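Structure record follows, encoded as structure tokens.
2 protein chains.
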Amino acid sequence: MSSQSLMESETEESSSIIESQQKIGLPVIEELVQRLQKHPPYFASTIARGSSDHAAYFAKYAFETQLGVPTSSIAPSVHTIYKSNINYKNGFVFAISQSGKSDDLIECMATARKKGAVTLSIVNELNSPLEKESEYFIPLNAGKESSVAATKSFIASLTRVIQLVAFWRQNQDLKNHLAQLPCLLSQKNSEQYHSALQLLQHEKSVLTIGRGFTFPIALESALKFKETCGLHAEAFSGAEILHGPFELVQKNFPLIVYLQKDEALSGILKLIDKFQEKEAKIIAIAAENIIEENKNLLKNTTVIPTAPSLDSLCDVVTLIHRFYPFAAQLAHLRERNPDLPKNLNKVTSTI
Amino acid sequence: MSSQSLMESETEESSSIIESQQKIGLPVIEELVQRLQKHPPYFASTIARGSSDHAAYFAKYAFETQLGVPTSSIAPSVHTIYKSNINYKNGFVFAISQSGKSDDLIECMATARKKGAVTLSIVNELNSPLEKESEYFIPLNAGKESSVAATKSFIASLTRVIQLVAFWRQNQDLKNHLAQLPCLLSQKNSEQYHSALQLLQHEKSVLTIGRGFTFPIALESALKFKETCGLHAEAFSGAEILHGPFELVQKNFPLIVYLQKDEALSGILKLIDKFQEKEAKIIAIAAENIIEENKNLLKNTTVIPTAPSLDSLCDVVTLIHRFYPFAAQLAHLRERNPDLPKNLNKVTSTI
Chain A
1 MSSQSLMESE
11 TEESSSIIES
21 QQKIGLPVIE
31 ELVQRLQKHP
41 PYFASTIARG
51 SSDHAAYFAK
61 YAFETQLGVP
71 TSSIAPSVHT
81 IYKSNINYKN
91 GFVFAISQSG
101 KSDDLIECMA
111 TARKKGAVTL
121 SIVNELNSPL
131 EKESEYFIPL
141 NAGKESSVAA
151 TKSFIASLTR
161 VIQLVAFWRQ
171 NQDLKNHLAQ
181 LPCLLSQKNS
191 EQYHSALQLL
201 QHEKSVLTIG
211 RGFTFPIALE
221 SALKFKETCG
231 LHAEAFSGAE
241 ILHGPFELVQ
251 KNFPLIVYLQ
261 KDEALSGILK
271 LIDKFQEKEA
281 KIIAIAAENI
291 IEENKNLLKN
301 TTVIPTAPSL
311 DSLCDVVTLI
321 HRFYPFAAQL
331 AHLRERNPDL
341 PKNLNKVTST
351 I
Chain B
1 MSSQSLMESE
11 TEESSSIIES
21 QQKIGLPVIE
31 ELVQRLQKHP
41 PYFASTIARG
51 SSDHAAYFAK
61 YAFETQLGVP
71 TSSIAPSVHT
81 IYKSNINYKN
91 GFVFAISQSG
101 KSDDLIECMA
111 TARKKGAVTL
121 SIVNELNSPL
131 EKESEYFIPL
141 NAGKESSVAA
151 TKSFIASLTR
161 VIQLVAFWRQ
171 NQDLKNHLAQ
181 LPCLLSQKNS
191 EQYHSALQLL
201 QHEKSVLTIG
211 RGFTFPIALE
221 SALKFKETCG
231 LHAEAFSGAE
241 ILHGPFELVQ
251 KNFPLIVYLQ
261 KDEALSGILK
271 LIDKFQEKEA
281 KIIAIAAENI
291 IEENKNLLKN
301 TTVIPTAPSL
311 DSLCDVVTLI
321 HRFYPFAAQL
331 AHLRERNPDL
341 PKNLNKVTST
351 I
């Protein structure tokens, strides 16, 4: 057995990071939220790249379902390449970034602020150029991240988004769940990944599936499989997969499916049934209670159980927290170093 | 040589469809545009699935760059599953659909209208339930589409979006280019696909790349490769590919790259250079003049030329119009019927 990768040890730090977030940054969140409650924005827009963009996609679902604010992703090229004159009046624009140093994100933030948006940056590194361009700043507080593949900074982004929603809605349940998360994440799960790892050891293609809140972590998982395992993984929502991508699902085609305890669950279970009919190789990642309650439906499915479910938003954190070590171990099995991909660097510049 | 597929013959109808769109639907466009010019919306949102969602993504770029209106995609699950109470006041919401019959799109449209948006549906079939739920309606006018893989309805969606922008901005150049498109598309291109087809005949994975306006057609191409060729194709923007997916690009890894004559071109050419360094197999699809002007940079790249460039928006139409017959011929070469995928039906219901 090889020594633990940075990808695994940095994932393990998530628990104490989430705990620290409950103390650091709160005055800014309260000041910002009071302003947004007083003058509700007509829309929100996100600025992010790579893994941070998946956290921004999670923010879109969270803002639309919990706050009723339509939320869009800003494609940086509309500003950096096409020099677009977008009117951001009455909008709330926020960026998520690990380094806060990408030129394209900085340019988008500066434009949004100039064009009238309330602006926020959520960045891991302090005193970054991105922080300086935005009116409000909240640190991720994830500490130095050395692995090329982001893990703890992604999880810290998700929890900052949940925290923002919890304060904006004054939702005490959500605040309580955030407080429970560190303990849940620090518990070692005795069930290991052996059978799921074997299923993917020699594969070249895989699809990752989520629905609603879990779709952003399907995106994140697909990116991590590419980065660390050289495996062509692609994410689809449980809704879109039947529009075309289903053509790939033949006998033994591998799929990773995320299950969460909310209104999306029954549709995802029906999808798994369709995949089982095709005799696909299915790996389900879900809270142990969801797996237990649906064990008959999952009889031809390899399961990776997580801690019990808190709520749909916080479940997303426990699900991806369980996925990262799995990806790191799969990389080892495929004779790769998950911390040092062959073609990639930690800071990516956009061409 | 097999007889021509429906996918190819329906693509060929695009020319006369675009011509017909210049007469049909204009009074509605003018009425709608006058209202939107008088009360500019603070944001726009799109409702669509599958290929139509790629046309909606093109609309996002076109609206943001040409009209300055921030535009988001509505994930139907926020309404159908999470019953979200989104405030659409001061928004412009439009749906794109071939059949206009999908329950989830209809539910989103009804909610957006009730919650205060100006609503438009752009649908191919007349008297659809979606049309009835929206205040304004413009027909795609693409005629009956029999192939499971959408082609002419996608192209007709792109041109309706361009038409909407041309009228909204009162942009006479854009109107003139739309008028030239039918003639350009009806010209047979003597250069055939042979060498590009051979490159992909036995591949299992491919990435498709666009930047800015061409990113939505990279998405559309990836979907078509899956549907018709059983080929795991995935789209990335030229910006995002260096954040992770680049790890897949090893020697002989196949890539399709779209080039357009605008500010995105130099970045895309730099990317091609990076792919050439890795000795990847690269296929570039571009206007013949762009290929000619950059032939030294493209010396290790297989090219598929289209008609000369009109402008970045209309170029997207000529590019995808050239791609569809390529995908159909690749399907034949891989011993598949492009019109009859194994797992798919024409109308897809969301689970």
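Protein sequence lines correspond, in order, to chains A and B.
No gaps in the numbering here: position 212 of the first sequence is 212 in full-length UniProt numbering, and each next residue is one more.
No gaps in the numbering here: position 72 of the second sequence is 72 in full-length UniProt numbering, and each next residue is one more.
The beta-carbon is built from N, C-alpha and C at its ideal position, and this holds for glycine as well.
Note that the coordinates shown come from a computational prediction; the quantities given were computed from them, not determined experimentally.
Under the DSSP assignment, Leu-255(A) falls outside any alpha helix (DSSP H), being part of the beta strand (DSSP E) whose first and last residues are 254-258.
Per DSSP, Thr-159(B) is one residue of the alpha helix (DSSP H) stretching across 152-169.
Using a CB distance cut-off of 8 Å, Glu-220(A) does not count as an interface residue toward chain B. Of all residues in the region 269-282 of chain B, only Lys-270, Leu-271 come within less than 7 Å of chain A when Cβ atoms are compared, listed by chain position.
DSSP, reduced to helix, strand and coil, places Pro-305(A) within a strand of the structure shown. CA-to-CA, the gap between Leu-310(A) and Ser-15(A) works out to about 15 Å. Interface flag for Glu-203(B) against chain A is unset, since no Cβ pair is found closer than 8 Å. Taken in chain order, the unbroken stretches of alpha helix (DSSP H) that lie wholly in the region 22-101 of chain A and span 4 residues or more are 26-38, 50-62, 77-80. Put simply, the backbone Cα of Cys-229(A) is about 51 Å away from that of Gln-172(B). Between Leu-140(A) and Ile-122(A), the C-beta gap is smaller than 8 Å, which places the two residues in contact. Note: Ile-122(A) is bridge-paired with Ile-96(A), Ile-138(A) in the DSSP secondary-structure output. Contact between the region 96-104 of chain A and the region 38-53 of chain A is present, with at least three C-beta pairs closer than 8 Å.
According to the DSSP assignment, Ile-272(A) belongs to the alpha helix (DSSP H) that extends over 265-277.
The beta-carbon of Glu-64(B) is placed less than 8 Å from the nearest beta-carbon of chain A.
Taking each of Ser-146(A), Leu-174(A), Leu-231(A), Gly-244(A) in turn and checking the Cα distance to Arg-334(A), the smallest one comes out for Leu-231(A). Neighbourhood of Asn-87(A) in chain B, by CB distance below 8 Å: Pro-40, Tyr-42, Gly-68, Val-69, Pro-70, in chain order.
Residues of chain B whose Cβ lies closer than 7 Å to the Cβ of Glu-247(A) are, in chain order, Lys-226, Glu-227, Gly-230, Pro-341, Lys-342, Asn-343, Leu-344. Per the Cβ contact rule, the region 311-328 of chain A is in contact with the region 211-231 of chain A (3 or more Cβ pairs under 8 Å).
C-alpha of Phe-236(A) to C-alpha of Lys-224(B): approximately 15 Å in a straight line. Every alpha helix (DSSP H) stretch that sits fully inside the region 170-224 of chain B and reaches 4 residues is listed by chain position as 172-186, 194-200.
Taking 8 Å as the cut-off, the Cβ atoms of Glu-10(A) and Thr-151(A) count as close. Per DSSP, the beta-bridge partners of His-232(A) are Ser-205(A). CA-to-CA, the gap between Ala-156(B) and Pro-76(B) works out to about 23 Å. With a cutoff of 8 Å on beta-carbon distance, Gln-260(A) and Thr-306(A) are scored as not near each other. In the DSSP assignment, Ser-237(B) forms a beta bridge with Gly-210(B). Ile-282(B) is positioned such that its CB atom lies no closer than 8 Å to that of Ile-290(B). Relative to Tyr-82(B), the option among Gln-21(A), Leu-313(A), Glu-133(A) whose CA is nearest is Leu-313(A). The beta carbon of Gln-250(B) sits closer than 7 Å to the beta carbons of Lys-278 from its chain, once the five residues preceding and following it are set aside; these are given in chain order. Secondary structure note for Ala-286(B): its beta strand (DSSP E) is the uninterrupted segment 281-287.
Between the alpha carbons of Glu-19(A) and Ala-179(A) lies a distance of about 7 Å. Residue environment analysis places Gly-91(A) among the buried positions, since at least 16 neighbouring C-beta atoms fall within 10 angstroms of its C-beta. Assigned with DSSP and collapsed to three states, Ala-149(B) falls in coil, not helix or strand. Listed along chain A, no residue sits closer than 7 Å to His-177(B) by beta-carbon distance, the nearest being about 17 Å off.
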